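For the protein sequence lines, the chains are A and B, in the order given.
Numbered by this note's numbering, the letters in the first sequence go through residues 493 to 602 in order.
Numbered by this note's numbering, the letters in the second sequence go through residues 15 to 131 in order.
No residue lacks a Cβ here, since even glycine has one placed at the ideal position from N, Cα and C.
Only a predicted model underlies this, so the values are computations on that prediction, with no experimental measurement involved.
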Amino acid sequence: SQQGEEDPQALSIQEGENATMNCSYKTSINNLQWYRQNSGRGLVHLILIRSNEREKHSGRLRVTLDTSKKSSSLLITASRAADTASYFCATDFTGNQFYFGTGTSLTVIP
Amino acid sequence: DVKVTQSSRYLVKRTGEKVFLECVQDMDHENMFWYRQDPGLGLRLIYFSYDVKMKEKGDIPEGYSVSREKKERFSLILESASTNQTSMYLCASSLQVRSSLAKNIQYFGAGTRLSVL
Numbered sequence: 493s494q495q496g497e498e499d500p501q502a503l504s505i506q507e508g509e510n511a512t513m514n515c516s517y518k519t520s521i522n523n524l525q526w527y528r529q530n531s532g533r534g535l536v537h538l539i540l541i542r543s544n545e546r547e548k549h550s551g552r553l554r555v556t557l558d559t560s561k562k563s564s565s566l567l568i569t570a571s572r573a574a575d576t577a578s579y580f581c582a583t584d585f586t587g588n589q590f591y592f593g594t595g596t597s598l599t600v601i602p
Numbered sequence: 015d016v017k018v019t020q021s022s023r024y025l026v027k028r029t030g031e032k033v034f035l036e037c038v039q040d041m042d043h044e045n046m047f048w049y050r051q052d053p054g055l056g057l058r059l060i061y062f063s064y065d066v067k068m069k070e071k072g073d074i075p076e077g078y079s080v081s082r083e084k085k086e087r088f089s090l091i092l093e094s095a096s097t098n099q100t101s102m103y104l105c106a107s108s109l110q111v112r113s114s115l116a117k118n119i120q121y122f123g124a125g126t127r128l129s130v131l
């Protein structure tokens, strides 16, 4: 399987703290994306980083990519209770088919 | 906004029943996907389709089939439901890109939670 893995599986932090989750993958990629899933709902796209990029920002989100280590990290700064969700990385090497990781469950305590 | 609609949020079926999960997207996307999601296993691809009447097996196609008679609709079929098919099923769609360097994202439906008793 080319499925990636997120680490940690679960993370619990206080509101206002930063949350960092990591993703490791197995094959060479073109893009890596992060998605968010609220409990019992579908996934929503957050941010995409190309294989030739090392860092990308979007609002309170910061994504890094290290292709030599086949890993990525997602940082959520100044977390809010509304950030409570599961976060998944997804990799692709064709542009059309994606491989999703196992997810990190984030709980932000008010 | 892209909308991907799954026909049922919750479904309860009996072992051996034939089950149809329907998915419709309204953005004229070429690609459509069916995943199942289980705790600790993440999303696993069951089938995907790049065009009408076209299908490709994903990682776990056993026990499932699909139908894509129209571009906007992609159906997942459980020919004879079994208890190990109790899961959350997610449908997604995306544009079809010609270059592996193109940026592309998937849009998901809200999911169907299927229980097979």
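When you compare only the Cα positions, how much space is there between residue i and residue j?
{"i": "Lys117(B)", "j": "Met68(B)", "result": "23 angstroms"}
{"i": "Lys84(B)", "j": "Val66(B)", "result": "6 angstroms"}
{"i": "Asn510(A)", "j": "Lys562(A)", "result": "23 angstroms"}
{"i": "Ser543(A)", "j": "Thr512(A)", "result": "20 angstroms"}
{"i": "Pro503(A)", "j": "Leu598(A)", "result": "A small correction: the amino acid at residue 503(A) is Leu; Pro does not occupy that position in the sequence shown. Distance between the alpha carbons of Leu503(A) and Leu598(A) is about 5 angstroms."}
{"i": "Arg112(B)", "j": "Ile119(B)", "result": "14 angstroms"}
{"i": "Tyr517(A)", "j": "Arg546(A)", "result": "16 angstroms"}
{"i": "Asp558(A)", "j": "Cys515(A)", "result": "10 angstroms"}
{"i": "Leu535(A)", "j": "Thr19(B)", "result": "13 angstroms"}
{"i": "Arg28(B)", "j": "Asn98(B)", "result": "12 angstroms"}
{"i": "Ser100(B)", "j": "Gly123(B)", "result": "Correcting the residue identity first, residue 100(B) is Thr in this sequence and not Ser. Approximately 18 angstroms between the Cα atoms of the pair."}
{"i": "Thr519(A)", "j": "Ile541(A)", "result": "16 angstroms"}
Would you kindly check if the distance between the Cβ of residue j and the Cβ of residue i is under 9 angstroms?
{"i": "Glu36(B)", "j": "Ser89(B)", "result": "yes"}
{"i": "Gln529(A)", "j": "Tyr579(A)", "result": "yes"}
{"i": "Leu155(B)", "j": "Gln51(B)", "result": "The structure shown does not extend to residue 155(B), since chain B spans only 15 to 131, so no value can be given for it."}
{"i": "Met46(B)", "j": "Phe34(B)", "result": "no"}
{"i": "Gly77(B)", "j": "Leu59(B)", "result": "no"}
Assuming residue i and residue j form a contact by the criterion Cβ under 8 angstroms, report the distance between their Cβ atoms to the nearest whole angstrom.
{"i": "Thr594(A)", "j": "Glu507(A)", "result": "Not really, about 26 angstroms apart at Cβ, beyond 8 angstroms."}
{"i": "Ala582(A)", "j": "Gln525(A)", "result": "5 angstroms"}
According to DSSP, is residue i helix, strand or coil?
{"i": "Asn118(B)", "result": "coil"}
{"i": "Asn98(B)", "result": "helix"}
For residue i, is the beta carbon positioned less than 8 angstroms from some heavy atom of the ligand GDP?
{"i": "Ser21(B)", "result": "Ligands are entirely absent from the displayed structure, and the ligand GDP is therefore not among its contents."}
Continuous beta strand (DSSP E) assignments of at least 3 residues falling wholly in the segment 510-565 of chain A: Qualifying beta strand (DSSP E) stretches, in chain order: 511-516, 523-529, 535-542, 547-550 and 553-558.
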